[in-house]
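Take 73 as the starting number for the sequence shown in our numbering and just add one per residue. All C-beta atoms, glycine included, are put in the ideal place defined by N, C-alpha and C. Here's the structure we're looking at; comments come further down.
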Amino acid sequence: MDVSATTLQEIFQTENTIMLLERSIMAKECPLKVAQTRLECRTRRPNVELCRDIPQFKLVNEVFTIDDTLQTLKLRLRETRDTLHLLVMTKCRLEHELAIKANTLCIDKEKCMSMRKTFPSTPCMGICP
């Protein structure tokens, strides 16, 4: 498999990973909002003392857990986008190098081969005139 095909495949996989990470982030935002709303409602109950019971601790823990997961997903998304940027730059560099090499081969075939035909093809043995 050539290098540019491998790079294209890696770009495709990275784009799919970005899409999956974005979906995962969106899927976690709603449960976080629900947990935060429940915690806020529980904290601001009218005419009820603020109580620290097991449901309160579980809600606080749930909010922290979901938020931590979201931060991890966002960090991974940033890293994956950086990787995609590097892959695209690598692809452009490879395409540029291939174009230069193709041009070099074209010059060699068209210009240099005609000059080489004028040179003698038999090697000189010993002393050449």
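Starting from the C-beta of residue i, find all residues in its chain whose C-beta is less than 7 Å away, skip the five residues before and the five after it, and write them out in chain order.
{"i": "residue 73", "result": "Because the pLDDT of residue 73 is 49, which lies under 50, any placement of that residue in the model is unreliable, and the number read from its coordinates should be weighed accordingly. None."}
{"i": "residue 134", "result": "107"}
Can you confirm whether residue i, when its beta carbon is compared against all beta carbons of chain D, has any partner nearer than 8 Å?
{"i": "residue 101", "result": "This model lacks chain D altogether, as it is built from one protein chain only."}
Considering only the alpha carbon of each residue, which of the options lies closest to residue i?
{"i": "residue 143", "options": "190, 160, 101", "result": "101"}
{"i": "residue 80", "options": "167, 129, 149", "result": "167"}
{"i": "residue 77", "options": "146, 162, 154, 139", "result": "162"}
{"i": "residue 132", "options": "117, 95, 112", "result": "112"}
{"i": "residue 104", "options": "136, 116, 92", "result": "136"}
{"i": "residue 95", "options": "183, 145, 169", "result": "145"}
Would residue i and residue j qualify as a contact pair, given that the criterion is a beta-carbon distance under 8 Å?
{"i": "residue 159", "j": "residue 83", "result": "yes"}
{"i": "residue 126", "j": "residue 107", "result": "no"}
{"i": "residue 152", "j": "residue 86", "result": "yes"}
{"i": "residue 90", "j": "residue 147", "result": "no"}
Taking 8 Å as the limit between beta carbons, can you name the residues of its chain near residue i, skipping five residues before and five after?
{"i": "residue 178", "result": "none"}
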